[in-house]
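Colleague: Submitted below is the structure of interest, expressed as structure tokens.
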Amino acid sequence: MDRSDSRNKIIVRASWVSTVGNFVLSALKIFTGIFAGSLAVLSDGIDSATDVVISIVMLFTAGIIRRKPSPRYVYSYQKAEGVATMILSLVIFYAGIQMLFASIGRIFSEDPREMPGFITIWVTVFSIGGKLLLSMYQYRQGRRAGSSLLTANAKNMRNDVVISAGVLLGLFFTFILRLPILDAVTSLLISFFIIRTSVQIFIDANVELMDGVKDVKVYDRIFEAVDRVEGASNPHRVRSRQIGNMYMISLDVEADGGITLLEAHAIAENVEQSIRDTVDDVYDIVVHVEPAGTAHRKEIYGIDKGIIK
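Numbers 144 to 452, taken from the working numbering, label the letters of the sequence shown in order.
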């Protein structure tokens with residue numbers, strides 16, 4: 144089994160665990176929120192329902208990214224994961240906006256307010272424990288597979304733990320102070336938290352889709368790798384982007400203009416190997432060798448040595 148197949152199996156397994164776990168928690172909280180009269184618990188349940196949708200998207204995505212490269216997609220289908228992460232952020236954002244308007248409507252409603260049932264506290268405590276376990280599992284599997292989708296989902300569920308803790312705190316003060324409006328206020332605060340999370344995930348996914356890198360220090364490691372290669376100098380026009388969790392790297396280096404083609408090829412291979420030894424998860428490297436002292440036109444793309452601080 145190659146690394147790609149192993150990675151896909153991890154994503155599929157983690158997605159199924161997330162789907163089943165979140166479905167149980169979501170159904171429990173939505174049912175309790177409706178029949179116990181708690182908007183905060185209902186909102187928490189709707190948030191968990193978005194996690195079920197997210198998990199289904201993850202399963203669908205896993206089937207796409209395992210496809211082999213084609214004439215239309217010669218770099219494979221790995222970026223489908225970034226697209227799915229973007230969809231994930233939009234689903235979370237929509238849920239947050241819906242909760243925001245529902246909470247505002249409840250706060251300013253003139254309808255009589257009733258105290259929620261005490262069972263909401265026990266359901267929320269159970270939800271916190273379940274979400275914490277799911278989040279830890281998703282994060283561990285995401286790190287193991289190098290999956291931005293799994294780690295984003297883990298981050299979302301980690302936020303769910305905070306959300307449920309906020310619900311629990313809101314319910315506590317609702318019962319202590321006998322103020323049902325606090326339930327709606329808690330729901331409003333949760334909606335802001337969810338919207339903030341969706342924006343963070345959107346920005347993170349956008350980096351990959353815009354052919355960027357999440358860790359710009361990778362360029363420092365590339366320059367260090369070139370410096371260790373005898374005969375190679377002045378690394379410039381370095382470009383790196385990510386496909387899934389793998390780096391695609393292109394760069395220009397200079398060498399003595401009087402060496403043979405075979406010697407220049409050997410230098411290029413040494414540069415490539417040095418980069419692979421220094422940077423993890425490299426899919427492909429393209430090294431262009433130029434005669435030392437070559438005049439360069441000003442380039443729009445790429446990084447030159449000393450640019451990254």
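A virtual CB, placed ideally from N, CA and C, is assigned to each residue, including glycine. Owing to the predicted nature of the structure, the values given are computational and were not obtained by experimental measurement.
Reducing DSSP to helix, strand and coil, say where residue 359 ends up.
Modeller: Numbered from its first residue, the sequence shown carries residue 359 at position 216. Coil.
Colleague: For the alpha helix (DSSP H) holding residue 373, just list the boundary residues, first then last.
Modeller: Within the sequence shown, the letter at position 230 stands for residue 373. Here residue 373 belongs to no alpha helix (DSSP H), and DSSP marks it neither H nor E.
Colleague: From residue 356 to residue 390, what distance separates their C-alpha atoms?
Modeller: Locating residue 356 in the sequence shown gives position 213, counting from the first residue. Locating residue 390 in the sequence shown gives position 247, counting from the first residue. Cα to Cα, residue 356 sits roughly 8 angstroms from residue 390.
Colleague: Determine whether the beta carbon atoms of residue 418 and residue 428 lie at a separation below 9 angstroms.
Modeller: The count along the sequence shown starts at 1 and reaches residue 418 at position 275. The count along the sequence shown starts at 1 and reaches residue 428 at position 285. Yes, the pair counts as a contact, with Cβ atoms nearer than the cut-off.
Colleague: According to the Cβ coordinates, are residue 266 and residue 361 closer than 9 angstroms?
Modeller: Start at 1 with the first residue of the sequence shown, and residue 266 comes out as number 123. Start at 1 with the first residue of the sequence shown, and residue 361 comes out as number 218. Contact flag unset, no.
Colleague: Taking the C-alpha atoms as reference points, what is the distance between residue 160 and residue 383?
Modeller: Your numbering for residue 160 matches position 17 in the sequence shown. Your numbering for residue 383 matches position 240 in the sequence shown. Taking the straight line from one Cα to the other gives about 34 angstroms.
Colleague: Under 6 angstroms Cβ to Cβ from residue 445, same chain only, skipping five residues before and after it: list those, please.
Modeller: Taking the first residue of the sequence shown as position 1, residue 445 is located at position 302. Only residues of its own chain outside the window of five on either side were considered, and among them 380, 381, 382 have a CB closer than 6 angstroms to the CB of residue 445, listed in chain order.
Colleague: Starting from residue 391, follow its DSSP beta bridges and name the residues at the other end.
Modeller: For this step, residue 391 is matched to residue 248 along the sequence shown. Per DSSP, the beta-bridge partners of residue 391 are 384, 427.
Colleague: Determine the extent of the alpha helix (DSSP H) in which residue 229 is found, giving its start and end residues.
Modeller: Counting from 1 along the sequence shown, the entry for residue 229 is found at position 86. Run containing residue 229: 223 to 250, per the alpha helix (DSSP H) assignment.
Colleague: Going by beta carbon distance, what residues of the same chain come within less than 6 angstroms of residue 350, once the five residues before and after it are set aside?
Modeller: By 1-based counting over the sequence shown, the position of residue 350 is 207. Result list for residue 350: 357, in chain order.
Colleague: Kindly say whether residue 408, judged by its beta-carbon, lies nearer than 9 angstroms to any beta-carbon of chain C.
Modeller: Looking at the structure shown, chain C is missing, and only one protein chain is on hand.
Colleague: If you follow the alpha helix (DSSP H) that residue 282 is part of, which residue opens it and which one closes it?
Modeller: For this step, residue 282 is matched to residue 139 along the sequence shown. Segment 262 to 288, the alpha helix (DSSP H) holding residue 282.
Colleague: Where do the N-terminal and C-terminal ends of the alpha helix (DSSP H) with residue 409 fall, by residue?
Modeller: In the sequence shown, residue 409 corresponds to position 266, counting from 1. Residue 409 -> alpha helix (DSSP H) spans 404 to 421.
Colleague: Taking residue 195 and residue 166 to be in contact with their CB atoms under 8 angstroms, please state how far apart those CB atoms are, rounded to whole angstroms.
Modeller: Working through the sequence shown from its first residue, we reach residue 195 at position 52. Working through the sequence shown from its first residue, we reach residue 166 at position 23. About 5 angstroms; that satisfies the 8 angstroms criterion.
Colleague: Rounding to the nearest angstrom, what Cα-Cα distance links residue 305 and residue 271 in this structure?
Modeller: Reading the sequence shown from its first residue, position 162 is the one you call residue 305. Reading the sequence shown from its first residue, position 128 is the one you call residue 271. Each residue's alpha carbon lies about 8 angstroms from the other.
Colleague: Please go through the same chain and pick out, in chain order, the residues whose beta-carbon is closer than 7 angstroms to the beta-carbon of residue 288, but skip the five residues on each side of it.
Modeller: Residue numbering aside, residue 288 sits at position 145 when the sequence shown is read from its first letter. Excluding residues within five positions, the ones whose Cβ falls inside 7 angstroms are 150, 153, 154.
Colleague: Enumerated in chain order, which unbroken segments of the beta strand (DSSP E) with a length of 3 residues or greater are wholly contained in the region 294 to 327?
Modeller: none
Colleague: Going by DSSP, what residues sit across from residue 396 in a beta bridge?
Modeller: If you number the sequence shown from 1, residue 396 lands on position 253. Residue 396 is bridged to 432.
Colleague: By the three-class DSSP mapping on this structure, what secondary structure does residue 197 have?
Modeller: Here residue 197 refers to the residue found at position 54 when the sequence shown is read from its first residue. DSSP places residue 197 in helix when its eight states are reduced to three.
Colleague: Taking only three categories from DSSP, how would you classify residue 446?
Modeller: Numbered from its first residue, the sequence shown carries residue 446 at position 303. If DSSP states are grouped into helix, strand and coil, residue 446 belongs with the strands.
Colleague: Just to confirm before moving on: does the CB-CB distance between residue 375 and residue 397 stay below 9 angstroms?
Modeller: One-based indexing of the sequence shown puts residue 375 at position 232. One-based indexing of the sequence shown puts residue 397 at position 254. Between residue 375 and residue 397, the C-beta gap is smaller than 9 angstroms, which places the two residues in contact.
Colleague: Would you grab the beta carbon distance between residue 262 and residue 175 for me? Rounded to a whole angstrom, and I think it's under 8 angstroms.
Modeller: Residue numbering aside, residue 262 sits at position 119 when the sequence shown is read from its first letter. Residue numbering aside, residue 175 sits at position 32 when the sequence shown is read from its first letter. The pair is a contact, with the Cβ atoms about 6 angstroms apart (cut-off 8 angstroms).
Colleague: Rounded to a whole number of angstroms, what is the C-alpha to C-alpha distance between residue 434 and residue 401?
Modeller: Counting from 1 along the sequence shown, the entry for residue 434 is found at position 291. Counting from 1 along the sequence shown, the entry for residue 401 is found at position 258. Each residue's Cα considered, the two are about 8 angstroms apart.
Colleague: What's the C-alpha gap between residue 236 and residue 242?
Modeller: On the sequence shown, residue 236 is found 93 positions in, with the first residue counted as 1. On the sequence shown, residue 242 is found 99 positions in, with the first residue counted as 1. Using only the alpha carbons, I get a separation of about 10 angstroms.
Colleague: Should residue 239 go down as buried or exposed, given a rule of 16 or more other Cβ atoms within 10 Å for buried?
Modeller: Translated into positions along the sequence shown, residue 239 becomes position 96. The residue in question, residue 239, is buried, as its Cβ has 16 or more Cβ neighbours within 10 Å.
Colleague: When you compare the region 326 to 337 with the region 210 to 225, are there three or more beta-carbon pairs, one atom per stretch, that lie closer than 8 angstroms?
Modeller: Short answer: they don't touch.
Colleague: In or out: residue 331 buried (at least 16 other Cβ within 10 Å) or exposed?
Modeller: In the sequence shown, residue 331 corresponds to position 188, counting from 1. By the neighbour-count rule (16 or more Cβ atoms within 10 Å), residue 331 is buried.
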